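Visitor: Residue numbering for the sequence shown follows UniProt numbering, starting at 1 and increasing by one per position. All C-beta atoms in this analysis are idealised placements derived from N, C-alpha and C, irrespective of residue type, glycine included. Please read all numbers here as calculations on a predicted model, not as lab measurements. Pasting in a structure now, in C-alpha cells, and then I'll have a few things to ask.
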Amino acid sequence: MSLARMKQRTGSDICADCSSPNPDWASINRGVLICDECCSVHRSLGRHISQVRHLRLAPWNPSLLAMTQNLVSNGANLIWEHSLTDSSSSKTGIRKPNPKDPVHPIKSNFIKAKYEMLAFVHRLPNTDDRLSIQDLSKQLYSSVRTGNLETSLRLISLGAQPNYFHPEKGNTPLHVAAASGQATQCELLIVHGADPSAFDVNEKTAAKNAMENGHTDLCFRLVELAYELTDRLTFYLCGRRPDHKNGINYLIPALQDRGIVESSAAQEARCKLQSLNNRLFEELCSDIYDEVDRRENDAVWLATQHHRKLVSDHTAVPFLPVNPGFSSTRNQGRQKLARFNAIEFATLIVDLLHDAKNREGLNTENQSAGVVEKSQKIEGPIEDDNDHDYDDPNGEEDKKATSITTTNSSLEVLIVKPPEYGVNPLIDIQDDYDVPTEDAYKPVVEPPPHLRGPDYKPKEIVEGKDRDLQAKVHELQDQKHSLGQEINLLRSMVQKLMQENAGLRAQIAQVMVERDDLEQRLNMVQYDRPTNNNMSLEALSLQLSSQSFSMVGDSNYDNVSYKNPSPPVMSSHDLNVDSSEDSTAYRTEDDIEIPSGPSQSQIVMATEQITKKIQELLQAAQGGQNSKYVECSSNISAAVTDMANLFPESPPSENVRMALRLMITSAARLQVECKSRSLDQAMLTQQVIQCSYDIAKAAKQLVTTYNESQAQAAAAAQGQSHAVSGN
Numbered sequence: 001m002s003l004a005r006m007k008q009r010t011g012s013d014i015c016a017d018c019s020s021p022n023p024d025w026a027s028i029n030r031g032v033l034i035c036d037e038c039c040s041v042h043r044s045l046g047r048h049i050s051q052v053r054h055l056r057l058a059p060w061n062p063s064l065l066a067m068t069q070n071l072v073s074n075g076a077n078l079i080w081e082h083s084l085t086d087s088s089s090s091k092t093g094i095r096k097p098n099p100k101d102p103v104h105p106i107k108s109n110f111i112k113a114k115y116e117m118l119a120f121v122h123r124l125p126n127t128d129d130r131l132s133i134q135d136l137s138k139q140l141y142s143s144v145r146t147g148n149l150e151t152s153l154r155l156i157s158l159g160a161q162p163n164y165f166h167p168e169k170g171n172t173p174l175h176v177a178a179a180s181g182q183a184t185q186c187e188l189l190i191v192h193g194a195d196p197s198a199f200d201v202n203e204k205t206a207a208k209n210a211m212e213n214g215h216t217d218l219c220f221r222l223v224e225l226a227y228e229l230t231d232r233l234t235f236y237l238c239g240r241r242p243d244h245k246n247g248i249n250y251l252i253p254a255l256q257d258r259g260i261v262e263s264s265a266a267q268e269a270r271c272k273l274q275s276l277n278n279r280l281f282e283e284l285c286s287d288i289y290d291e292v293d294r295r296e297n298d299a300v301w302l303a304t305q306h307h308r309k310l311v312s313d314h315t316a317v318p319f320l321p322v323n324p325g326f327s328s329t330r331n332q333g334r335q336k337l338a339r340f341n342a343i344e345f346a347t348l349i350v351d352l353l354h355d356a357k358n359r360e361g362l363n364t365e366n367q368s369a370g371v372v373e374k375s376q377k378i379e380g381p382i383e384d385d386n387d388h389d390y391d392d393p394n395g396e397e398d399k400k401a402t403s404i405t406t407t408n409s410s411l412e413v414l415i416v417k418p419p420e421y422g423v424n425p426l427i428d429i430q431d432d433y434d435v436p437t438e439d440a441y442k443p444v445v446e447p448p449p450h451l452r453g454p455d456y457k458p459k460e461i462v463e464g465k466d467r468d469l470q471a472k473v474h475e476l477q478d479q480k481h482s483l484g485q486e487i488n489l490l491r492s493m494v495q496k497l498m499q500e501n502a503g504l505r506a507q508i509a510q511v512m513v514e515r516d517d518l519e520q521r522l523n524m525v526q527y528d529r530p531t532n533n534n535m536s537l538e539a540l541s542l543q544l545s546s547q548s549f550s551m552v553g554d555s556n557y558d559n560v561s562y563k564n565p566s567p568p569v570m571s572s573h574d575l576n577v578d579s580s581e582d583s584t585a586y587r588t589e590d591d592i593e594i595p596s597g598p599s600q601s602q603i604v605m606a607t608e609q610i611t612k613k614i615q616e617l618l619q620a621a622q623g624g625q626n627s628k629y630v631e632c633s634s635n636i637s638a639a640v641t642d643m644a645n646l647f648p649e650s651p652p653s654e655n656v657r658m659a660l661r662l663m664i665t666s667a668a669r670l671q672v673e674c675k676s677r678s679l680d681q682a683m684l685t686q687q688v689i690q691c692s693y694d695i696a697k698a699a700k701q702l703v704t705t706y707n708e709s710q711a712q713a714a715a716a717a718q719g720q721s722h723a724v725s726g727n
C-alpha cells in the first residue's frame, strides 16, 4: 500500500506544519506529513533534526511504511504541538502558519521552534535530569513490547534513550521489541539511533532474539538494518542492494573509468583513508551517508518541480547544513563533500566500501572490484559463535568498532525497489557482478536460423526502439522549451540589473558634483575666518563629507526614485566660534572614525563586470555551446574574486560578510558544475542557470547591505561631528 492511499484512508491529507492540502513528503523520525515549502525548511535544518522522504518517488520498505502510517494516523503531530493544542497551557502567543503565509520568516521560524527547539513539546517538572531520563528510558523499555508507537515516540521526545541498557535485564529496548515481534517498534528505535548490532548480556543481538522467538522476517530485516550504511552507498552507485538472506553482505561496483582509480592522487587518498582509526572512519562514513541522502533528495526535488520553482529562494540546499553537535572542522569537511563531482564522489564511495569490508574482517582472498562477497548464510536459529571473523587481537576498542555493520545515530533505514535516479551511469552494471538479476534475459520469438538474413533484427525490438526514440525526442523538446523560458527570465533579470547599475552611477555622479560644490564654498569660508576657528571648520567639513557619503550609501539598489537634497543654509552664527575658549576643547578630524571600504564607483564597476560575465554564460547556454561553460565560469569566478578583494578580510557588518560568503560559494559551485562530466546536458544547463542566478542575487544583496552599513557608519560619524561642533 502506498502512502498516497494511506492519506486517503486516514484523512491525514494536510501538511502538519502549515495545513496545506496534499502533502508530498514525510518526516520519518517525526512521524508527520509535510508539503513542498515546509520540506525545504526541514532539509535546511539537517538530518539530525528531520529525515525527509518523498511519498511517491522514494521507495519504502514495508515495515518502515507501516511505522510511518501508524504514527501519522494516530496523531504523532500532537506530540510536537502539545502546548498549541492544550488550552490550559497555550501561553506562547505563537500562531501556527497558514498555507498562504510566506516560507521566510513565518513558516521557517515556526518549524525551527517546533522541531529544533522543541518549544511546544510537553515538559516534565523540574527534577533531577539524570533520574528523569533513566525513568523515561525504563518506560520506553516497557512500551516497546506493545504496538503503541505513539507512546514510544512521546517518550523519545521527552529524552528517553533508544540504546538504554537495562541493568537488571541485561539488554536494550531493541532486544525486547525484537523478541516480542514488534517490527514497527524496531523501525522507530533504529530511526532514532538504536544500534541493531548491540549485544545483550548473553552475547546475542536483536536479530538473534527475533530468530529464537520465531520472528524470521524481523530477523532478516534487522540484519539488513545492520548493513544499512554500506547498502545505501551501493544502492546510490548502481541501484542494487546485497541479498542478505542468501549471505551476500557486500556488493562493490567497478568504475568504468579505470584511469581515475589507478591515478597517483587516488592511490594517495586511498592510503589516507586506510590510515584512519575506526572512530574517524565511522564519522566519515556517516558524513558521506548524509551527503548521499542530500543528493538523492535534490534529484527527487528537481524531478517533481518540472522547472516551476527552479530559481526560487527557498528550495536550494547546496551543501549539508551545520550540525551543532559536530566540531567546526567536521562541519566544514561535510560541506566540502558537495564540491565532489559525480566521478570523484563515486570513486570515494567505492574506496570506502572496500575499506569497510576489510575492516569488518571478511575473507578477501577472492575479492576483486565488482565481485559479490558472500558470508555464512542465515538458516534457522542462530547458534553462538565465539570465534568471530571480525575480532581484532589489537584490543577492545577495535572490537567495538565493527564499524560499518553498526548504524550511525539517526541513519535512514533500508530502501527497496530502486528508482531511476538512483542508478549511476558511471557504474558498469552488466559486468560488475557474478550473480545475474531476475529477468535479465527475456525470450524473443525469432524465425529459424536458416531464414535469418545477415542484418536480421526482431520486429518487436525495432518497434520498441522506435517508440523509445520518439518519446525521447518529445522529452527533449519539452526540456528545450522550458530552458528557453528560463533563459528569457534570466536575460530580463540581467537587463534589469544593468539598468539599476546605470541609475546608481548617475546618482553617484550627481552626489560627487554637489560634494565638490560644498567643498569649494567651505574653502571660501575658511579663507575669510580667523585662524583660531580652523579646527571648528575642519569639523564642519567632516560633517558635510559624512552627509554626502551617506547620500551615496542611502541610494537603493532597487532603483527607488532619488531626490537631490538642497544644501543646508549656514548662518554666521552657525560658523561663529568663541576664540576665548581653550583649544584643547576641540577635536580634530583624526579623532572621528571615518567609514572605510571600497568606493561606490568601484562597487558599481565590479558589479557590472559580474553582470557582463553572467550574460556571456547565458548566451552560451542559449546557443547550446556547453564547451564554453568552463571558460565563462572562470571569468565569473575572477570577477567575483575582484569584487571580494575590494572589501577587507573581515568586514564589520555581519550582513556584508554573509553576502560575500554567499557570492563566493555560489561562484565556486558554478565552477564545479561547469567542470562536471554530466551526461544529462539538460540537467547541467539547469544547474548552471541556477548558480548564475544565485551569484547575481548575492551581488545585489552585497551592494544593498554595503550601502546600508556605510550609511549607518556615516551617520555615526556625523553624530560625532555634531558633538564636536557643540563643544
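Taking the runs of the beta strand (DSSP E) that are 3 residues or longer, which of them lie wholly in the region 258 to 340?
Guide: Whole beta strand (DSSP E) segments, 3+ residues: zero.
Visitor: In its own chain, which residues sit with a C-beta less than 6 Å from the C-beta of Asp-290, not counting the 5 before and 5 after it?
Guide: Locating residue 290 in the sequence shown gives position 290, counting from the first residue. Answer for Asp-290: Arg-47 and Leu-320, listed in chain order.
Visitor: For Pro-449, collect the residues of the same chain with a Cβ closer than 7 Å to its Cβ; drop the 5 residues on either side in sequence, then sort them by chain order.
Guide: Numbered from its first residue, the sequence shown carries residue 449 at position 449. Because the pLDDT at Pro-449 is just 46, under 50, the model does not fix this residue reliably, and the point stays unresolved.
Visitor: Could you say which of Val-640, Cys-632 and Gln-622 lies nearest to Gln-602 if we only look at CA atoms?
Guide: On the sequence shown, position 602 is the one that residue 602 refers to. With distances taken between Cα atoms, Gln-602 lies closest to Val-640.
Visitor: Alpha carbon to alpha carbon, how far is Leu-33 from Ser-327?
Guide: As a working note, residue 33 is residue 33 in the sequence shown. As a working note, residue 327 is residue 327 in the sequence shown. Cα to Cα, the separation comes out at about 32 Å.
Visitor: Examine the ligand MN and report whether any of its heavy atoms sits within less than 7 Å of the Cβ of Ser-73.
Guide: Questions concerning the ligand MN fall outside what the structure shown contains, since it holds no ligand whatsoever.
Visitor: I'd like the ranges of any alpha helix (DSSP H) spanning at least 4 consecutive residues and lying wholly in the region 21 to 97.
Guide: For the region 21 to 97, whole alpha helix (DSSP H) runs of length 4 or above, ordered along the chain, are 36 to 45, 62 to 73, 77 to 80 and 82 to 85.
Visitor: Whether or not the region 68 to 84 and the region 142 to 159 are in contact is what I'm after, with contact meaning three or more pairs of Cβ atoms, one per stretch, closer than 8 Å; do they touch?
Guide: Touching, per the Cβ criterion.
Visitor: Exposed or buried, what is Pro-324 when buried is set at 16 or more other beta-carbons lying within 10 Å of its beta-carbon?
Guide: Reading the sequence shown from its first residue, position 324 is the one you call residue 324. When all chains shown are included, Pro-324 counts as exposed.
Visitor: Taking only three categories from DSSP, how would you classify Leu-251?
Guide: One-based indexing of the sequence shown puts residue 251 at position 251. Leu-251 falls in the coil class under three-state DSSP.
Visitor: Is it true that the CB of Glu-187 sits closer than 8 Å to the CB of Leu-55?
Guide: Translated into positions along the sequence shown, residue 55 becomes position 55. Translated into positions along the sequence shown, residue 187 becomes position 187. No; because the gap between Cβ atoms is not below 8 Å, this pair is not in contact.
Visitor: Tell me the rounded alpha-carbon separation between Met-498 and Asn-98.
Guide: As a position in the sequence shown, residue 498 is number 498, starting the count at 1. As a position in the sequence shown, residue 98 is number 98, starting the count at 1. Approximately 37 Å, taken between the alpha carbons.
Visitor: Could you give the distance in angstroms between the alpha-carbon of Asn-341 and the alpha-carbon of Tyr-141?
Guide: Numbered from 1 along the sequence shown, position 341 holds the residue referred to as residue 341. Numbered from 1 along the sequence shown, position 141 holds the residue referred to as residue 141. Approximately 45 Å between the Cα atoms of the pair.
Visitor: Where Asp-231 and Leu-353 are concerned, what is the direct C-alpha to C-alpha distance, given to the nearest angstrom?
Guide: Translated into positions along the sequence shown, residue 231 becomes position 231. Translated into positions along the sequence shown, residue 353 becomes position 353. Near 9 Å, if we compare the C-alpha coordinates of Leu-353 and Asp-231.
Visitor: Would you tell me roughly how many angstroms separate the C-alpha atoms of Asn-331 and Cys-39, rounded to the nearest one?
Guide: Translated into positions along the sequence shown, residue 331 becomes position 331. Translated into positions along the sequence shown, residue 39 becomes position 39. Roughly 22 Å separates the two Cα atoms.
Visitor: Around the C-beta of Val-473, are 16 or more other C-beta atoms found within 10 angstroms, so that it is buried, or is it exposed?
Guide: For this step, residue 473 is matched to residue 473 along the sequence shown. The residue is exposed, with fewer than 16 neighbouring Cβ atoms inside 10 Å.
Visitor: Give the range of the alpha helix (DSSP H) segment to which Val-350 is assigned.
Guide: Looking up residue 350 in the sequence shown gives position 350. 342 to 360 is the extent of the alpha helix (DSSP H) around Val-350.
Visitor: I think Gln-681 touches Asn-626, with their Cβ atoms under 8 Å apart; what is that distance to the nearest whole Å?
Guide: Residue mapping note: residue 681 aligns to position 681 of the sequence shown, counting from 1. Residue mapping note: residue 626 aligns to position 626 of the sequence shown, counting from 1. So it is a contact: roughly 6 Å between Cβ atoms.
Visitor: If you compare alpha carbons, which of Asp-355, Ala-717 and Val-494 is closest to Cys-271?
Guide: Numbered from its first residue, the sequence shown carries residue 271 at position 271. Among Asp-355, Ala-717 and Val-494, the Cα nearest to that of Cys-271 is on Asp-355.
Visitor: If contact is defined by three or more beta carbon pairs under 8 Å, each pair taking one atom from either stretch, is the region 172 to 180 in contact with the region 200 to 217?
Guide: The region 200 to 217 is in contact with the region 172 to 180.
Visitor: For Ile-614, which residues of its own chain have a beta-carbon under 7 Å away from its beta-carbon, when the five flanking residues on both sides are left out?
Guide: For the purposes of this step, residue 614 is taken as residue 614 along the sequence shown, with counting starting at 1. Cβ neighbours of Ile-614 beyond the five flanking positions: Val-494, Ile-636, Ser-692, Ile-695 and Ala-696.
Visitor: Below 8 Å, can you find three or more Cβ-Cβ pairs linking the region 650 to 665 to the region 699 to 714?
Guide: Judged by Cβ distances under 8 Å, the region 650 to 665 makes contact with the region 699 to 714, as three or more pairs qualify.
Visitor: Roughly how many angstroms lie between the CA atoms of Gly-361 and His-481, to the nearest whole one?
Guide: As a position in the sequence shown, residue 361 is number 361, starting the count at 1. As a position in the sequence shown, residue 481 is number 481, starting the count at 1. Whole-angstrom Cα-Cα distance: 54 Å.
Visitor: Quick one: grab the DSSP three-state call for Asp-17.
Guide: To locate residue 17, count along the sequence shown from 1; it is residue 17. Coil at Asp-17, not helix or strand.
Visitor: What are the boundary residues of the alpha helix (DSSP H) that Gln-635 is part of?
Guide: For the purposes of this step, residue 635 is identified with residue 635 of the sequence shown, where counting begins at 1. Here residue 635 is Asn; the residue named in the question, Gln, does not match the sequence. 629 to 645 is the extent of the alpha helix (DSSP H) around Asn-635.
Visitor: Identify every residue that forms a DSSP beta bridge with Cys-691.
Guide: As a first step, residue 691 must be located in the sequence shown, where it is residue number 691. DSSP, once it has assigned bridges, lists no residue as partnering Cys-691.
Visitor: Report all residues from its chain with a CB closer than 6 Å to the CB of Leu-37; omit the five preceding and five following residues, and keep chain order.
Guide: Along the sequence shown, one-based indexing puts residue 37 at 37. The amino acid at residue 37 is misidentified as Leu; the sequence shows Glu. Excluding residues within five positions, the ones whose Cβ falls inside 6 Å are Val-103.
Visitor: Report buried or exposed for Pro-21, applying the criterion of at least 16 other Cβ atoms within 10 angstroms of its Cβ.
Guide: Taking the first residue of the sequence shown as 1, we reach residue 21 at position 21. With fewer than 16 Cβ atoms within 10 Å of its Cβ, Pro-21 is classed as exposed.
Visitor: For Phe-220, report the span of its alpha helix (DSSP H) as first-last.
Guide: In the sequence shown, residue 220 corresponds to position 220, counting from 1. Unbroken alpha helix (DSSP H) run through Phe-220: 216 to 226.
Visitor: Using the C-alpha atoms, what's the distance from Cys-18 back to Lys-96?
Guide: Working through the sequence shown from its first residue, we reach residue 96 at position 96. Working through the sequence shown from its first residue, we reach residue 18 at position 18. Their backbone Cα atoms lie some 7 Å apart in a straight line.
Visitor: Once you ignore the five residues that flank Pro-162 on each side, which residues in its own chain have a CB closer than 6 Å to its CB?
Guide: Locating residue 162 in the sequence shown gives position 162, where the first residue counts as 1. Once the five neighbours on either side are set aside, the close Cβ partners of Pro-162 are Leu-189, His-192, Gly-193 and Ala-194.
Visitor: Taking the alpha helix (DSSP H) that Leu-189 belongs to, which residues open and close that run?
Guide: Within the sequence shown, the letter at position 189 stands for residue 189. 183 to 191 is the extent of the alpha helix (DSSP H) around Leu-189.
Visitor: Spatial neighbours of Ile-487 within its chain, please: CB distance less than 8 Å, with the 5 preceding and 5 following residues excluded, ordered by chain position.
Guide: Translated into the one-based positions of the sequence shown, residue 487 becomes position 487. So the qualifying residues of the chain are Leu-618, Ala-621, Gln-622 and Ile-689.
Visitor: Which residues mark the beginning and the end of the alpha helix (DSSP H) in which Val-121 is found?
Guide: Residue 121 sits at position 121 when you count from the first residue of the sequence shown. Premise fails: Val-121 is in no alpha helix (DSSP H) and is neither H nor E.
Visitor: Return the CA-CA distance between Ala-198 and Thr-205, expressed in angstroms with no decimal places.
Guide: By one-based count along the sequence shown, residue 198 stands at place 198. By one-based count along the sequence shown, residue 205 stands at place 205. Spanning the two alpha carbons is a distance of roughly 6 Å.
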